[in-house]
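>
Protein chains: 2
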Amino acid sequence: MPIPEVAWFDAAPKRKRYLAGISGGADSVALLHLLHRHGFREVIVCHLDHGLRGRASTGDARFVEKLAGSFGYPCESGKADVRAVMREKGDSLETAAREARHAFFALCSRKHRCPRLLLAHHADDQAETVLWNLLRGSRGLSGMQESQVLQVAGRPLECLRPLLSSRRDDLRGWLASEKLSWREDATNAKPIAARNRLRHEVLPLLSDIARRDVTDSLVRAAGSSSEHRMIERWAVKQAAVLDPQGRLHLPKLRTLPSELQAACLYDYLRSSGVAELSRDLVLRGLALLDVDGPPAVNLPGGRVLRRRAGRLFTA
Amino acid sequence: MPIPEVAWFDAAPKRKRYLAGISGGADSVALLHLLHRHGFREVIVCHLDHGLRGRASTGDARFVEKLAGSFGYPCESGKADVRAVMREKGDSLETAAREARHAFFALCSRKHRCPRLLLAHHADDQAETVLWNLLRGSRGLSGMQESQVLQVAGRPLECLRPLLSSRRDDLRGWLASEKLSWREDATNAKPIAARNRLRHEVLPLLSDIARRDVTDSLVRAAGSSSEHRMIERWAVKQAAVLDPQGRLHLPKLRTLPSELQAACLYDYLRSSGVAELSRDLVLRGLALLDVDGPPAVNLPGGRVLRRRAGRLFTA
Chain X
30 MPIPEVAWFD AAPKRKRYLA GISGGADSVA LLHLLHRHGF REVIVCHLDH
80 GLRGRASTGD ARFVEKLAGS FGYPCESGKA DVRAVMREKG DSLETAAREA
130 RHAFFALCSR KHRCPRLLLA HHADDQAETV LWNLLRGSRG LSGMQESQVL
180 QVAGRPLECL RPLLSSRRDD LRGWLASEKL SWREDATNAK PIAARNRLRH
230 EVLPLLSDIA RRDVTDSLVR AAGSSSEHRM IERWAVKQAA VLDPQGRLHL
280 PKLRTLPSEL QAACLYDYLR SSGVAELSRD LVLRGLALLD VDGPPAVNLP
330 GGRVLRRRAG RLFTA
Chain Y
30 MPIPEVAWFD AAPKRKRYLA GISGGADSVA LLHLLHRHGF REVIVCHLDH
80 GLRGRASTGD ARFVEKLAGS FGYPCESGKA DVRAVMREKG DSLETAAREA
130 RHAFFALCSR KHRCPRLLLA HHADDQAETV LWNLLRGSRG LSGMQESQVL
180 QVAGRPLECL RPLLSSRRDD LRGWLASEKL SWREDATNAK PIAARNRLRH
230 EVLPLLSDIA RRDVTDSLVR AAGSSSEHRM IERWAVKQAA VLDPQGRLHL
280 PKLRTLPSEL QAACLYDYLR SSGVAELSRD LVLRGLALLD VDGPPAVNLP
330 GGRVLRRRAG RLFTA
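Sequence order for the protein chains is X and Y. Residues in the first sequence are numbered consecutively from 30, following this note's numbering. Residues in the second sequence are numbered consecutively from 30, following this note's numbering.
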């Protein structure tokens, strides 16, 4: 099988420094080989043992360290006890695992002064994520982005997913055809039963019903949805609803269609640092546009969104 | 069970004339009863036999005519041979059934000089539609809209779906608690095996995985996606990329983010009457923004999208 063609590997600057999250599974092993083959020099391999695979995890860590070493890449290995965090904080396995990864990557980022992290998520992961987010009823349809800046431990970390358009079978097929090995089941990063069921039950069922592989459709829908978000961002900026003091200018807000009013209010509340923004909260906030309605709405954290003198502002 | 509370029935003008698509199944029978209970006077019941249910369809038609008569509503009954149309035109069952309905409703609309059609689609239909469109890989996520103007046989027909937020079980529960009957399996309008599988296999599986009924999540996602489309429409208008001759003004277009460029080009091509607009076609069109690229791109129907003197236009 030919080497997976991904424009990113040709276009990205080879001398920049990159962290790479490598579990040892086929996807991340393919990522690492591709980085090496394309001449990337400054790669720091970051391997986190989530503490979910018992003894096999020691083997995973050794495998990753050895592979990194063979390319001359330094390797950071970390260990977390995700189940213990779950029990302590009452988090879901998904949340606890994500937080452990973020903390580990933040550590690596600080230590190596590197604000860039490569992740091996591919199109099949993206299709699962689209379904998963759809089930959770998140706002609109959403998937992972090829490039996304996360705030991790108070610092920005740019996550890059160059394989997001590649198919799992193509990556594995290429590894196999090159006689490159990986750790089977080193799925540290995806320990979630629900996601496994999406992969093994839902996606095959949907493909059977549609009489073709639906992964591309789901990936395309995620891309289109991310385009919508970019357009929304442009529209919110273009609407220019803030006054010089950074408060929402009601006469301007009232000239907009209601959908854009909601997007502007959402954006204002988020940049005011209001946590837990629900659709319901935004709708209650929009009720303040009506001068005959209530003059204030309670926000989480004891704060208030208030209408006064033709402005909306948090206090 | 209480009467389903739907604001539309209280708010809509009672003396306006409405066509109502009534198959005789529980959903449309509930719609008809709700119209009658809320004092709607000018309802014209429209029943199309799709020719798919053999003898049972005669019973459906009689049931609907009788019910309409009991409310003093006139009833238009039509008959189509959807399978014959399929064979003739090579259409899918879905397409043939939709075209037969549109032709029938257009006929009723003309005869009764009524540009408004009520349809009984509910939240469970909406969830199926979201999945169905997702599988077909349509642009982004999309569902049915509560109000939508269709061009049918060259004339506008406003389709209204007042039950789009109501649950199937609530409608049936209400009918049953009021001892109101309906025709079981009068699913003339939904003859599609794939959609039945979405209802009977996919939705229960997804709900089992999410450990709750996912219908609301899917309906919410559709609503959010329709908000995105409204914002996109505003952004395209705001971008004002047409010159006085109605051609795309390239210097203006180039100032926009690429996602909005695509939306503007899509909008321009659609309003220029270009049929079969694919995402791929729009991307090839966008390549014309590059003055070093080709000066024209072929469009379906022998037409061309051309770049000349800082403008893009179809010819």
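Heads up, the beta-carbon is just placed ideally off N, CA and C, and yes, glycines get one too.
Measuring only between beta-carbons, confirm whether Asp245 of chain Y sits less than 8 Å from chain X.
Yes, contact with chain X.
> Find the residues of chain X that neighbour Gln267 of chain Y, judging by a C-beta separation of less than 8 Å, and give them in chain order.
Here the neighbours are Ala264, Gln267.
> Please work out which residues of its chain come closer than 7 Å, Cβ to Cβ, to Gly83 of chain Y, disregarding the five sequence neighbours upstream and downstream, and give them in chain order.
None.
> With 8 Å as the C-beta to C-beta threshold (strictly closer), list the residues of the region 225 to 238 of chain Y near chain X in chain order.
From the region 225 to 238 of chain Y, only Arg226, Leu227, Glu230, Val231, Leu234, Leu235, Ile238 have a Cβ closer than 8 Å to chain X.
> For a quick check, are the C-beta atoms of Val333 of chain X and Ala316 of chain X less than 8 Å apart?
No; because the gap between Cβ atoms is not below 8 Å, this pair is not in contact.
> Find the nearest neighbour of Leu247 of chain Y within the set Y:Arg112, Y:Asp153, Y:Pro323, judged by alpha-carbon distance.
Selected option, being the one with the closest Cα: Y:Asp153.
> Three-state secondary structure (DSSP) at Lys51 of chain Y?
For clarity, residue 51 of chain Y is Ile in the given sequence; the question names Lys instead. Coil, per DSSP.
> Residues of chain Y with a CB under 9 Å from the CB of Ala223 of chain X: which are they?
Those are Ile238, Ala239, Arg240, listed as they occur along chain Y.
> For chain X, find out if any of its Cβ atoms is closer than 8 Å to the Cβ of Arg84 of chain Y; answer yes or no.
Arg84 of chain Y does not count as touching chain X.
> According to the Cβ coordinates, are Leu146 of chain Y and Leu60 of chain Y closer than 8 Å?
No.
> Near Ser176 of chain X, what residues of its chain come up, given a Cβ to Cβ distance below 8 Å and the 5 sequence neighbours on each side ignored?
Glu187, Cys188, Leu189, Arg190.
> By DSSP, does His229 of chain X sit in helix, in strand, or in coil?
Of the three classes helix, strand and coil, the one that applies to His229 of chain X here is helix, per DSSP.
> For Met30 of chain X, which option in X:Asp199, X:Met115, X:Ala109, X:Ser121 has the closest C-alpha, if you only look at C-alpha atoms?
The candidate whose alpha carbon is nearest that of Met30 of chain X is X:Asp199.
> Helix, strand or coil for Ser287 of chain Y per DSSP?
Three-state result, Ser287 of chain Y: helix.
> With C-beta atoms as the reference, is Arg70 of chain X less than 8 Å away from Lys43 of chain X?
Cβ atoms of Arg70 of chain X and Lys43 of chain X: closer than 8 Å.
> Closer than 6 Å by C-beta to Ser236 of chain X: which residues in its own chain qualify, once you throw out the five before and the five after it? Chain order, please.
Asp242, Val243, listed in sequence order.
> Put Val326 of chain Y into one of helix, strand or coil per three-state DSSP.
Three-state DSSP puts Val326 of chain Y in a strand.
> Just verifying my parser: in three-state terms, what is the DSSP assignment at His353 of chain X?
An answer regarding residue 353 of chain X cannot be provided, because it is not within the stretch 30 to 344 covered by chain X.
> How far does the beta strand (DSSP E) with Gly107 of chain X in it extend, from its first residue to its last?
104 to 108 is the span of the beta strand (DSSP E), which, as asked, contains Gly107 of chain X.
> For the region 193 to 214 of chain Y, list every residue whose C-beta sits within 9 Å of some C-beta in chain X, in sequence order.
The residues in question: there are none.
> What are the residues that DSSP puts in a beta bridge with Val58 of chain X?
Per DSSP, none; premise fails for Val58 of chain X.
> When you compare the CB of Gly166 of chain Y with every CB in chain X, is at least one pair closer than 8 Å?
Cβ-Cβ to chain X under 8 Å: yes for Gly166 of chain Y.
> So, does the region 333 to 342 of chain X touch the region 266 to 283 of chain X, judging by three or more C-beta pairs under 8 Å?
Output reads yes: the region 266 to 283 of chain X touches the region 333 to 342 of chain X.
> Taking the alpha-carbon of Leu170 of chain Y as reference, which of X:Ser253, X:Asp78, X:Ala264, X:Ala325 has the nearest alpha-carbon?
Closest by alpha carbon: X:Ser253.
> Taking C-alpha atoms, which residue in X:Gly107, X:Ala239, X:Glu117 lies nearest to Trp161 of chain Y?
Trp161 of chain Y has its Cα closest to that of X:Ala239, out of X:Gly107, X:Ala239, X:Glu117.
> Helix, strand or coil: how does DSSP classify Arg142 of chain X here?
Coil.
> Do you know how far the Cα of Ala132 of chain Y is from the Cα of Gly183 of chain Y?
C-alpha separation (whole angstroms): 11 Å.
> Let me confirm a value: Gln290 of chain Y is counted as buried when at least 16 other C-beta atoms fall within 10 Å, else exposed. Which label applies?
Buried is the call here.
> List the residues of chain X whose Cβ lies closer than 7 Å to the Cβ of Glu288 of chain Y, in chain order.
What Glu288 of chain Y touches in chain X: Glu256, Met259, Ile260.
> Could you pull the DSSP bridge partners for Pro185 of chain Y from this structure?
In DSSP, Pro185 of chain Y forms a bridge with Y:Gln180.
> Could you tell me the distance, in whole angstroms, from the CA atom of Val320 of chain X to the CA atom of Arg313 of chain X?
C-alpha separation (whole angstroms): 14 Å.
> Quick one: using the 10 Å Cβ neighbour count with 16 as the cut-off for buried, is Gly53 of chain Y buried or exposed?
Under this definition Gly53 of chain Y is a buried residue.
> Express the C-alpha separation of Val35 of chain Y and Ala41 of chain Y in angstroms, rounding to a whole number.
Between Ala41 of chain Y and Val35 of chain Y, the C-alpha separation is close to 11 Å.
> Checking the sheet assignment: what are the DSSP bridge partners for Glu71 of chain Y?
DSSP output for Glu71 of chain Y lists Y:Arg46 as bridge partner(s).
> Taking its Cβ as the centre, do 16 or more other Cβ atoms sit within 10 Å of Glu305 of chain Y, making it buried, or is it exposed?
With fewer than 16 other Cβ atoms within 10 Å, it is exposed.
> Over the uninterrupted beta strand (DSSP E) stretch that includes Val333 of chain Y, give me the two end residues.
Unbroken beta strand (DSSP E) run through Val333 of chain Y: 333 to 337.
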